[in-house]
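Inspection log for the structure reproduced underneath, given as structure tokens.
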Ligand SMILES: Cc1ncc(COP(=O)(O)O)c(C=O)c1O
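In UniProt numbering, the protein residues as written are 1 to 484.
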């Protein structure tokens, strides 16, 4: 708990207050100077005490980030941590890219306006134009928001209206993740997140990547008007589908006049080596959504991009135009400036090409490591800089002597090596990786698109060295780290 400063009486000559006395507020400088223990106490007191338990298991709770630049965080002890987590794909430019910072600084120095509700915003208009320019086909109409969930809500709504079905039903995939706001939560396939909430009922669930199952579902009910799919499943553990599948999805939706919504919040923005992952398959959806890296690591920006014909069908008249117009922070000034500069940097620095090339190198090095440790790594998969590393389930192969040790761990870690490996990569090698919602055996690697081969080497050398300890030592080292 923080010590509360002693409240002293105001001096007699202080001006008379009309409003309430100032509560005990921390200043920005005090926030900056909080130590690790105070940060943890405040997190547990005011944010999420249960979540702290998981941060502790992984050793994240010991790190206070003092600065971040490019591929690295620097902590309170001057330790540089290589970022292969990349905010689940939110950091295409790494941390604090100089051109992004400069564009934001200029915007502030010029005292530009932020809230774009009353007057038109030159920045929102320009960002929408840029998004149309990078999007194939007639994906030309843009809704701006401030998160992936908000962009996906907008995507599902525009598709539902454009489908023309009165009692429109939606198809989504097993292991899908589309956000946690109430609407898209209904098509996010997680019993944990869906909890006991009352969900939208007009939905069907099909296996991801299975065209036969999707076709049977769509053809079973003429009320189905929307199919929503991540092009690469992130929360599902970096799962791709074939070009045959995606071309089949397009043809099926055309045949039945069903809207196809491609969620590119995580896999889009150049991460797989194309601006949109669906571009690998020569198809264009009716509606798509971006967020994460669209904010260039400095702002909260989400966007729904719809084919003009689809948008006009849904909201194209003065009578329907305000049904889903932008919310308070949609198209906010500095966020748009950040996103405009980000898109320019993405192409000026050829970061999509870099993602493709360095991603291929990462996959090649990881495959060699898998072949060296086949009893530990089950599969390496992905494309560009969106890579999944799946470990073998060791719950039954673990030596008997170690089983009681593992039994004391959280249920979620049993049978899962990824938690142990992630925690030790951070503790012993200064490398940060991401975990996966639905498949605890998968580590997600989504480094910034500025990643070079030298960073891949640093990561792969660390992984190789850690795996060379063998499973027994890895488990023992992890359990020891929990005792300390
Ligand atoms: C594919 C996908 N869609 C939607 C979302 C929701 O985005 P946000 O967390 O910004 O609301 C995410 C977030 O991880 C995502 O990965």
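We put the beta carbon where it would ideally sit given N, CA and C, even for glycine.
Range of the contiguous alpha helix (DSSP H) that encloses residue i
i           : result
residue 455 : 453-467
residue 108 : 98-109
residue 312 : 308-315
residue 338 : 333-348
residue 123 : 122-134
residue 366 : 351-372
residue 87  : 86-89
residue 150 : 148-163
residue 219 : 211-220
residue 95  : Segment: none, residue 95 is in no alpha helix (DSSP H) and carries neither H nor E.
residue 51  : 49-58
residue 31  : 28-32
residue 473 : 471-483
Residue span of the beta strand (DSSP E) that contains residue i, given as start and end
i           : result
residue 433 : Counting along the chain, residue 433 falls outside any beta strand (DSSP E), and DSSP gives it neither H nor E.
residue 390 : 386-391
residue 205 : 203-206
residue 73  : 72-75
residue 115 : Looking at the DSSP string, residue 115 is not in any beta strand (DSSP E), and its letter there is neither H nor E.
residue 36  : Per DSSP, residue 36 belongs to no beta strand (DSSP E); it is in the alpha helix (DSSP H), 36-46.
residue 417 : Looking at the DSSP string, residue 417 is not in any beta strand (DSSP E), and its letter there is neither H nor E.
residue 80  : 80-83
residue 251 : Unbroken run through residue 251 is the alpha helix (DSSP H), 243-256; no beta strand (DSSP E).
residue 141 : 139-145
Spatial distance of residue i from residue j (CA atoms)
i           : j           : result
residue 151 : residue 302 : 5 angstroms
residue 471 : residue 398 : 8 angstroms
residue 292 : residue 33  : 28 angstroms
residue 268 : residue 383 : 12 angstroms
residue 116 : residue 107 : 15 angstroms
residue 362 : residue 385 : 8 angstroms
residue 1   : residue 11  : Caution applies to residue 1, whose pLDDT of 49 falls short of 50 and renders its modelled position unreliable; the value that the coordinates give is listed next. Roughly 29 angstroms between the two C-alpha positions.
residue 100 : residue 15  : 43 angstroms
residue 247 : residue 253 : 10 angstroms
residue 118 : residue 149 : 25 angstroms
residue 376 : residue 370 : 8 angstroms
residue 165 : residue 282 : 28 angstroms
residue 24  : residue 48  : 21 angstroms
residue 459 : residue 349 : 23 angstroms
residue 41  : residue 295 : 30 angstroms
residue 337 : residue 129 : 13 angstroms
residue 69  : residue 315 : 42 angstroms
residue 97  : residue 58  : 28 angstroms
residue 189 : residue 195 : 11 angstroms
residue 67  : residue 75  : 7 angstroms
residue 220 : residue 182 : 26 angstroms
residue 393 : residue 234 : 20 angstroms
residue 72  : residue 94  : 8 angstroms
residue 273 : residue 92  : 12 angstroms
residue 380 : residue 358 : 15 angstroms
residue 224 : residue 20  : 55 angstroms
Cβ distance (whole Å) where residue i is taken to contact residue j below 8 angstroms
i           : j           : result
residue 443 : residue 434 : 7 angstroms
residue 402 : residue 462 : The pair is not a contact, with the Cβ atoms about 23 angstroms apart (cut-off 8 angstroms).
residue 113 : residue 333 : 6 angstroms
residue 271 : residue 449 : 7 angstroms
residue 308 : residue 138 : 5 angstroms
residue 103 : residue 341 : 4 angstroms
residue 126 : residue 304 : Going by Cβ atoms, the distance from residue 126 to residue 304 rounds to 17 angstroms, so no, they are not a contact pair.
Nearest candidate by alpha-carbon position, reference residue i, set the options
i           : options               : result
residue 238 : 189, 456, 445 and 105 : 445
residue 145 : 354, 360, 461 and 330 : 330
residue 133 : 210, 99, 343 and 147  : 343
residue 55  : 431, 464 and 423      : 423
residue 202 : 389, 251 and 167      : 167
residue 280 : 240, 266 and 319      : 240
residue 312 : 158, 91, 86 and 400   : 158
residue 105 : 465, 298 and 479      : 298
residue 360 : 320, 306, 452 and 78  : 452
residue 187 : 229, 441, 27 and 126  : 229
residue 465 : 431, 131, 120 and 212 : 431
residue 368 : 273, 351 and 389      : 389
residue 77  : 89, 208 and 64        : 64
residue 427 : 395, 440, 224 and 474 : 474
residue 477 : 180, 36, 419 and 356  : 419
residue 88  : 264, 142 and 111      : 264
residue 436 : 177, 153 and 51       : 177
residue 79  : 62, 216, 90 and 92    : 62
residue 256 : 285, 287, 284 and 215 : 215
residue 36  : 22, 27, 21 and 52     : 52
residue 160 : 481, 286, 455 and 346 : 286
residue 391 : 467, 222, 454 and 13  : 467
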